[in-house]
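Numbering of the sequence shown is given in full-length UniProt numbering, commencing with residue 1 and proceeding in unit increments. Below is one structure, written out as structure tokens; comments come after it.
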Amino acid sequence: HPIKDADDNLRVQEESWPIYDGAELQYIWPSADALVGIEFSGLAAGPQTVEQGRYANLLFATSLTGGLYTFDATGALAPIFLDGESSVQLQQNVAGTPLFNVTGLDFSPIDYNLWHTTNYRRGDAGHGVNEAESFDASRLTPPQDVYPIEGLTSFYFGLEDPRPNTTITFQPGAGNYINSNPGVFYSYDMPGGAHGSLTTDPFSLLGYDPDDEPVLYFNYFLDRGGSQNYDSARVFISNDGATWEQLTDPSWTIDQFLTLPSTGGGW
Numbered sequence: 001h002p003i004k005d006a007d008d009n010l011r012v013q014e015e016s017w018p019i020y021d022g023a024e025l026q027y028i029w030p031s032a033d034a035l036v037g038i039e040f041s042g043l044a045a046g047p048q049t050v051e052q053g054r055y056a057n058l059l060f061a062t063s064l065t066g067g068l069y070t071f072d073a074t075g076a077l078a079p080i081f082l083d084g085e086s087s088v089q090l091q092q093n094v095a096g097t098p099l100f101n102v103t104g105l106d107f108s109p110i111d112y113n114l115w116h117t118t119n120y121r122r123g124d125a126g127h128g129v130n131e132a133e134s135f136d137a138s139r140l141t142p143p144q145d146v147y148p149i150e151g152l153t154s155f156y157f158g159l160e161d162p163r164p165n166t167t168i169t170f171q172p173g174a175g176n177y178i179n180s181n182p183g184v185f186y187s188y189d190m191p192g193g194a195h196g197s198l199t200t201d202p203f204s205l206l207g208y209d210p211d212d213e214p215v216l217y218f219n220y221f222l223d224r225g226g227s228q229n230y231d232s233a234r235v236f237i238s239n240d241g242a243t244w245e246q247l248t249d250p251s252w253t254i255d256q257f258l259t260l261p262s263t264g265g266g267w
């Protein structure tokens, strides 16, 4: 969809008749009254997977004065912004300074949380349920003791090559990089950056008390480059799903066990 610098919308449509060669430009609708007179500067299709594709069929247009407008292919305004607005003023900082001389916008083709399951590192130590240290000699000996339990799957934050059999989760748009830019596979170096979170199912410590000294273990592999100031991964724990206490950060030096507060048995 190209857009004129006034208030009309056009569509490039590939012609299927053999007597025609190439695409044709088709005028499809006059803009809504609210868009009349606006000097548009750019047009982009909406993000394809955000909120289960809610905005995939919408168009986002910018104006030279920094306005952002949303509408569908028929010209109907789309009230998707705060308080049901179909347009907002773009800002250049959190202080609300308006952005002017805008020439366009685009959305990242990877517009979803990159956390997913994978078998890519299935051979690494730390998968499955490892054998814990038996401080009180209460552990059974094999074969009665079933630990360690082998595991192949881990959670991974990044974009995987969809071709290997170790890739077990579909990631929209990943196949587009096979020929265009395969170097982004097994990284999170995405257009516009990347961020996401992963939350486990809850578990209970009901029936235990501090004298039992329960210990939380987790294994991870982190490769975030050499900088200490940019990419980061953090682990938090919560007893109510709303208030979170940080357990670790790549910049921390942990030389002793961290004591968790009493939560009445639930996390």
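C-beta: ideal position from N, C-alpha, C; glycine also. If you're wondering where the values come from, they're calculated on a predicted model, not measured in any experiment.
Close Cβ partners of Asn119 (< 6 Å) along its chain, the five nearest in sequence each way excluded: Leu152, Thr153, Thr166, Ile168
Contacting residues, own chain, Cβ-Cβ under 7 Å from Thr49 (five flanking each side not counted): Excluding five sequence positions before and after Thr49, the CB atoms of its chain that fall closer than 7 Å to its own CB belong to Asp111, Tyr112, Pro172, given in chain order.
Residues near Ala78 by beta carbon distance below 7 Å, same chain, minus five either side: For Ala78, where only same-chain residues beyond five positions count, the Cβ hits under 7 Å are Leu58, Thr70, Phe71, Asp72, Ser86.
Does the Cβ of Phe203 have 16 or more other Cβ atoms within 10 Å, making it buried, or fewer, making it exposed? exposed
Reference residue 318, options Phe157, Gly175, Tyr156, Gly123, closest by Cα: Here the chain has residues from 1 to 267 only, and residue 318 is not among them.
Look at the Cβ atom of Leu247, then the Cβ atom of Gly196, and state whether they are nearer than 9 Å. no
Burial state of Thr199 (16 or more Cβ within 10 Å): exposed
For Trp267, I'd like the list of residues in its chain whose CB is within less than 8 Å of its CB, leaving aside the five on either flank, ordered along the chain. Because the pLDDT of Trp267 is 47, which lies under 50, any placement of that residue in the model is unreliable, and the number read from its coordinates should be weighed accordingly. Contacts found: Pro202, Phe203, Ser204, Leu205, Ile237, Ser238, Asn239.
Can you give the Cα-Cα distance for Phe60 and Gly158, rounded to whole angstroms? 27 Å
Which residue wins for smallest C-alpha separation from Ala233, given the options Ile80, Phe221, Ser180? Considering only alpha carbons, the answer is Phe221.
I'd like to check one pair, Ser108 with Pro182: are the Cβ atoms closer than 9 Å? no
Flag this pair as yes or no: are the beta carbons of Gly66 and Leu43 separated by less than 9 Å? For Gly66 and Leu43, no; Cβs fall outside 9 Å.
Where the beta strand (DSSP E) containing Tyr177 begins and where it ends: Where Tyr177 is concerned, there is no enclosing beta strand (DSSP E), although the alpha helix (DSSP H) around it starts and stops at 177-180.
Which of helix, strand or coil does DSSP assign to Asp249? coil
Using a threshold of 9 Å, state whether the C-beta atoms of Val102 and Leu64 are closer than that. yes
Does the Cβ-Cβ distance between Thr62 and Gly96 come in under 9 Å? No, the Cβ-Cβ distance between Thr62 and Gly96 is not below 9 Å.
Between Ile38 and Tyr55, which are expected to be in contact by the criterion C-beta below 8 Å, what is the C-beta distance as a whole number of angstroms? Their Cβ separation, rounded to whole angstroms, is 20 Å, which puts Ile38 and Tyr55 out of contact at 8 Å.
Own chain partners of Tyr186 with C-beta closer than 8 Å, once the 5 adjacent residues on each side are dropped: Tyr120, Gly158, Leu159, Glu160, Asp161.
Range covered by the beta strand (DSSP E) that runs through His195: Counting along the chain, His195 falls outside any beta strand (DSSP E), and DSSP gives it neither H nor E.
Residue closest to Tyr156, alpha-carbon to alpha-carbon, out of Gly84, Tyr188, Ala242: Tyr188
Quick check: what's the CA-CA separation for Leu10 versus Tyr177? Here the model assigns Leu10 a pLDDT of 47, short of 50, so the residue's position is not dependable and the matter cannot be decided.
In the DSSP output, what is Tyr217 paired with across the bridge? Answer is none; Tyr217 lacks a bridge partner.
Alpha carbon of Gly192 to alpha carbon of Asp106, nearest angstrom: 10 Å
By the 10 Å Cβ neighbour count, where 16 or more other Cβ atoms means buried, how is Ala194 classified, buried or exposed? Counting C-beta atoms within 10 angstroms of its own C-beta, Ala194 has 16 or more neighbours from the protein chains shown and is therefore classed as buried.
Smallest Cα separation from Phe218: which of Asp212, Asp209, Asp83, Ala125? Ala125
What does the alpha-carbon distance come out to for the pair Arg122 and Val94? 43 Å
Rounded C-alpha distance that separates Thr117 from Asp212: 33 Å
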